[in-house]
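What follows is a short report on a single structure.
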Amino acid sequence: MTSARVTGVSRAADHRFSKSAEDAITLVAGLGVEGDAHFGETVQHLSRVRRDPTQPNLRQVHLIHSELFDEVTADVEPGQLGENVTTSGLAILDLPRGTRLRLGPEAVVELTGLRNPCVQIDRFRPGLLKEVVGVDAAGEVVRKAGVMAVVLAGGVVKPGDAIEVTLPDGPFEALAPV
């Protein structure tokens with residue numbers, strides 16, 4: 011896992027699907043990505059705010075593995091699927107809940123769950139939703155559109171930064187949609 015790297019960082023101040031690529035982003039402990047629409051201690055995702063605005067924000071940072079871009083037929087660049095951090099060399103979907111990722115020299119995030127992809131992905135590129143959500147041989151839904159995390163330690167994150175993985179104590183709990 012020593013080859014794991016940040017390949018892109020993105021943010022958007024308003025609630026829109028794609029985020030703008032940046033030279034660097036700043037993660038703030040307990041809040042998320044500074045300057046991003048999902049920044050906050052409580053839930054910021056608009057549909058979740060309508061249901062219960064007091065819920066804790068378990069979706070402060072969205073991470074996607076760049077290898078997904080090679081699996082889909084659409085031309086996709088970092089940030090275009092709404093992620094804040096694009097990674098490479100790390101099977102993020104296989105990590106258990108509670109895994110901690112050190113992004114660069116200071117920032118640490120903890121994985122809370124899987125992103126639950128929605129119809130906005132098809133609005134971005136028709137047919138893409140079927141490529142990032144499927145069903146495996148056992149009939150289980152497979153979500154490939156990234157993971158969500160909370161910020162434990164703040165810091166600046168930029169493309170090229172190393173990613174260090176710390177697994178939680180077992181038994182491991184698989185990531186589920188949040």
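Heads up: the sequence shown runs through residues 11 to 188, numbered per the numbering used here.
Quick reminder that beta carbons are idealized off the backbone N, C-alpha and C, glycines included.
{"Item": "Rounded C-alpha distance that separates P181 from L105", "Value": "12 Å"}
{"Item": "Selected residue, minimal CA-CA separation from N67, among L121, V95, G165", "Value": "L121"}
{"Item": "Endpoints, the beta strand (DSSP E) within which S98 is located", "Value": "95-98"}
{"Item": "Burial state of H72 (16 or more Cβ within 10 Å)", "Value": "buried"}
{"Item": "Per DSSP, cross-strand counterpart(s) of L91", "Value": "L91 pairs with nothing; no bridge assigned."}
{"Item": "Three-way DSSP call (helix, strand, coil) for R69 in this model", "Value": "coil"}
{"Item": "C-alpha distance - G92 paired with D179, whole-angstrom precision", "Value": "30 Å"}
{"Item": "Coil, strand or helix - R21 by DSSP", "Value": "strand"}
{"Item": "Cutoff 7 Å; reference V86; Cβ partners in own chain excluding five residues on either side", "Value": "F79"}
{"Item": "Residues near F49 in its chain [Cβ-Cβ closer than 7 Å; skip 5 each side]", "Value": "L41, G42, V43"}
{"Item": "Residues bridged to T36 (per DSSP)", "Value": "V166"}
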